[in-house]
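Residue numbers (full-length UniProt numbering): 1 to 259.
Here it is, written out as structure tokens:
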């Protein structure tokens, strides 16, 4: 239908996302534990505002003694600040809501149904040992179908692949390899069972540190930001892009000569 012009490219992308929807699990799209932003109870309104100023999320999990394996619930910042602005005396504890638990192997289609049924926008993802694996939000799930969407506090659209110059890109570590193939034409032939660029780089070297790099045939991948072995940002440099383009032109010439 796409080739015949019956649907456009955006509609095709939506359909492809929907068809793969049932195959993905919570662990594939969650915010991993290492990237979770939490508030430690007890906390003051000023501490909440400072956290909001830095991260600008709508909902924050609440930890006990700073331990991410002991999550007491979550706070909806918009709900709390609306009441706080009214000038009425309020207790923060009254705005901490229960956080539903789901297994990291839960299909995101099932997670979506449950979150809709319970009317919540965030769930705690538990690993096989009962520890915290991460958090899953309604936004994470919907992005699997419609692409990147904006949070209530987002000022600017987030771009996970930023072109810095003709030969350099800044890339979020959670970007899917298939997306990089679509956007940049890079093939990852050794990526079996690996979904993200961060995971792919870790598979090449499990001891990567900031400013370390992984060289491939045409490219250099430089670790720009890493936290607790989780690659946050990577810089892609087309070290040998001229050679890549030259080979591509040769292939085109060969194809033309063989016609």
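Positions of the beta carbon are idealized from the N, C-alpha and C atoms, including for glycine.
Residue interval of the beta strand (DSSP E) (run including residue i)
{"i": "residue 103", "result": "101–103"}
{"i": "residue 68", "result": "67–76"}
{"i": "residue 224", "result": "220–227"}
{"i": "residue 109", "result": "First-last for residue 109: 108–118, but that is the alpha helix (DSSP H), not the beta strand (DSSP E)."}
{"i": "residue 136", "result": "132–137"}
{"i": "residue 230", "result": "230–237"}
{"i": "residue 215", "result": "213–215"}
{"i": "residue 201", "result": "It is not in any beta strand (DSSP E) - residue 201 instead sits in the alpha helix (DSSP H) that spans 197–204."}
{"i": "residue 125", "result": "122–126"}
{"i": "residue 194", "result": "Taken as a continuous stretch (DSSP letters only), residue 194 belongs to no beta strand (DSSP E), as it is neither H nor E."}
{"i": "residue 61", "result": "59–64"}
{"i": "residue 40", "result": "39–41"}
Same chain, Cβ closer than 6 Å to residue i, neighbours up to 5 away in sequence not counted
{"i": "residue 49", "result": "none"}
{"i": "residue 212", "result": "223"}
Extent of the continuous alpha helix (DSSP H) run through residue i
{"i": "residue 186", "result": "No alpha helix (DSSP H) contains residue 186, which DSSP labels as neither H nor E."}
{"i": "residue 53", "result": "45–55"}
{"i": "residue 88", "result": "Where residue 88 is concerned, there is no enclosing alpha helix (DSSP H), given that its DSSP letter is neither H nor E."}
Chain D within 8 Å of residue i, Cβ atoms only
{"i": "residue 50", "result": "Judged by its chain identifiers, the structure shown contains no chain D, having just a single protein chain."}
Same chain, Cβ closer than 7 Å to residue i, five either side skipped, listed in chain order
{"i": "residue 113", "result": "none"}
Expected contact under 8 Å - CB spacing of residue i and residue j to nearest Å
{"i": "residue 197", "j": "residue 180", "result": "6 Å"}
{"i": "residue 236", "j": "residue 200", "result": "About 12 Å separates the two Cβ atoms, so there is no contact after all."}
{"i": "residue 99", "j": "residue 141", "result": "About 16 Å separates the two Cβ atoms, so there is no contact after all."}
{"i": "residue 90", "j": "residue 79", "result": "Residue 90 to residue 79, Cβ: 11 Å. No contact."}
{"i": "residue 136", "j": "residue 30", "result": "4 Å"}
Own chain, CB closer than 8 Å to residue i, minus 5 neighbours either side, in chain order
{"i": "residue 34", "result": "227, 228, 229, 230"}
{"i": "residue 54", "result": "none"}
(request) Decide if the stretch 74–82 is in contact with the stretch 47–63; the criterion is three or more beta carbon pairs, one per stretch, under 8 Å apart. (result) Touching, yes.
(request) Evaluate the contact criterion for the stretch 39–55 versus the stretch 119–133: three or more CB pairs, one atom per stretch, below 8 Å. (result) No, the stretch 39–55 does not touch the stretch 119–133.
(message) Could you check whether the stretch 100–109 touches the stretch 163–176, counting it as contact only if at least three pairs of C-beta atoms, one from each stretch, sit closer than 8 Å?
(response) Contact between the stretch 100–109 and the stretch 163–176 is absent, because fewer than three Cβ pairs lie under 8 Å.
(request) Note down, one range per segment and in chain order, each alpha helix (DSSP H) of at least 4 residues found wholly within the stretch 159–184. (result) List check, alpha helix (DSSP H) in window: 177–184.
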